[in-house]
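Trainee: The structure follows.
Protein chains: 2
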Amino acid sequence: MTKLTIVFKALADPTRRKILELLKKKSMPAGAIAEHFKITPPSLTHHFNLLKQADLISQERQGQQIIYSLNLSVMEEMIDDYFKLFKKR
Amino acid sequence: MTKLTIVFKALADPTRRKILELLKKKSMPAGAIAEHFKITPPSLTHHFNLLKQADLISQERQGQQIIYSLNLSVMEEMIDDYFKLFKKR
DNA sequence: TTAATATTTAGATACTTACCTAAATATCTA
DNA sequence: TAGATATTTAGGTAAGTATCTAAATATTAA
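Heads up: the protein sequence lines correspond to chains Z and U, in order.
Residue numbers for the first sequence follow our numbering, beginning at -4 and rising by one.
Residue numbers for the second sequence follow our numbering, beginning at -4 and rising by one.
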């Protein structure tokens, strides 16, 4: 699977897009993210894994918590490299 | 399913992205598109349907052929409305 | 109107995915 | 070290998806 396919698959789910939007405001631990959803922690971990695979987020342990952060650069690269093809201006 | 989810799902497949890239060069009938792939016509029709559902392409019959065209505006809207959120400049 | 061409529809199958429950791991605190 | 907290891993299931073959539809040409 190409990197682009992995990224689009990651974005093709509303839960994962909402996670990205939360992380755009600020980095936060899994538990704080979980408060915004009604799915179980294992399901959220599944989504974190796909977002990590797409390199859209990073994680860092801080004590008992795992802090997730958005990797803005991957989004930007995608816009620059792929969508520019289809952009007028 | 939201419109954005439908569009990202449509883009999350290499065959469909290649169809879009072909149509970006010029509109063409299903058969001409098919020459670039090794999958069967019904499989291609399946991909056309998903791209149409995402409003990324349009079709128009011309005699025996169905001519497909790219809807650039949908791509542009998506870049403007969604990705701008994540874009620095 | 019959045959040929272009494409889609119908239906089946193997694979993938999003979700769950139960159990495991990692860290902190008493 | 034992217990509590935060998160992940393992394993299962129902629903979705990409593909195929066979049949149907639409159009053109003989």
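Heads up, the beta-carbon is just placed ideally off N, CA and C, and yes, glycines get one too.
Treat the numbers as computed from the prediction; the structure is a model and nothing was measured.
(1) Spell out whether any CB of chain U is found under 9 Å from the CB atom of Ile52/Z.
(2) Which residues does DSSP list as the beta-bridge partners of Ser22/U?
(3) Going by Cα to Cα distance, which pick from Met73/Z, Leu67/Z, Ile74/Z and Lys82/Z is closest to Glu71/U?
(4) Of the residues that make up the segment 17 to 40 of chain U, which ones have a beta carbon closer than 8 Å to any beta carbon in chain Z?
(5) For a cutoff of 9 Å on Cβ pairs, would you count Leu45/U as touching chain Z?
(6) In whole angstroms, what is the alpha-carbon distance linking Lys13/U and Arg56/Z?
(7) Along the alpha helix (DSSP H) that carries Ile74/Z, what are the first and last residues, could you check?
(8) Run down chain U in chain order and give the residues with a C-beta less than 7 Å from the C-beta of Ile61/Z.
(9) Which of the three DSSP states is assigned to Glu55/Z in this structure?
(10) Can you pull the DSSP bridge partners for Ser64/U?
(11) Consider the Cβ of Arg56/Z: report whether some Cβ of chain U lies at a distance smaller than 9 Å.
(12) With burial defined as no fewer than 16 other Cβ atoms inside 10 Å of the residue's Cβ, what is the status of Ile52/Z: buried or exposed?
(13) Would you identify the three-state DSSP class for Ile34/Z, choosing helix, strand or coil?
(14) For Met73/Z, count the other beta carbons within 10 Å of its own beta carbon; 16 or more makes it buried, fewer makes it exposed. Which is it?
(15) Spatial neighbours of Ser85/Z within its chain, please: C-beta separation below 8 Å, excluding the five flanking residues on both sides.
(16) Using the beta-carbon of each residue, which ones in chain U are nearer than 8 Å to Thr(-3)/Z?
(17) Give the secondary structure of Ala7/Z by DSSP, where H, G and I count as helix, E and B as strand, and everything else as coil.
(18) Is the CB of Ile14/Z under 9 Å away from at least one CB in chain U?
(19) Would you report the Cα separation of Met(-4)/U and Ala49/Z, rounded to the nearest angstrom?
Mentor: On the basis of the data shown:
(1) no
(2) BP columns for Ser22/U are empty, so no partner.
(3) Nearest C-alpha to Glu71/U: Lys82/Z.
(4) Of all residues in the segment 17 to 40 of chain U, only Lys19 place a beta-carbon less than 8 Å from a beta-carbon of chain Z.
(5) no
(6) Approximately 40 Å between the Cα atoms of the pair.
(7) Leu67 to Asp76
(8) Going along chain U, no residue has its Cβ under 7 Å from Ile61/Z, so there is no contact; the nearest lies around 22 Å.
(9) Strand.
(10) Ser53/U
(11) Not an interface residue.
(12) With 16 or more other CB atoms across the displayed protein chains lying within 10 angstroms of its CB, Ile52/Z is buried.
(13) coil
(14) buried
(15) Residue 85/Z is absent from the structure shown; chain Z starts at -4 and stops at 84.
(16) Pro9
(17) coil
(18) no
(19) 22 Å
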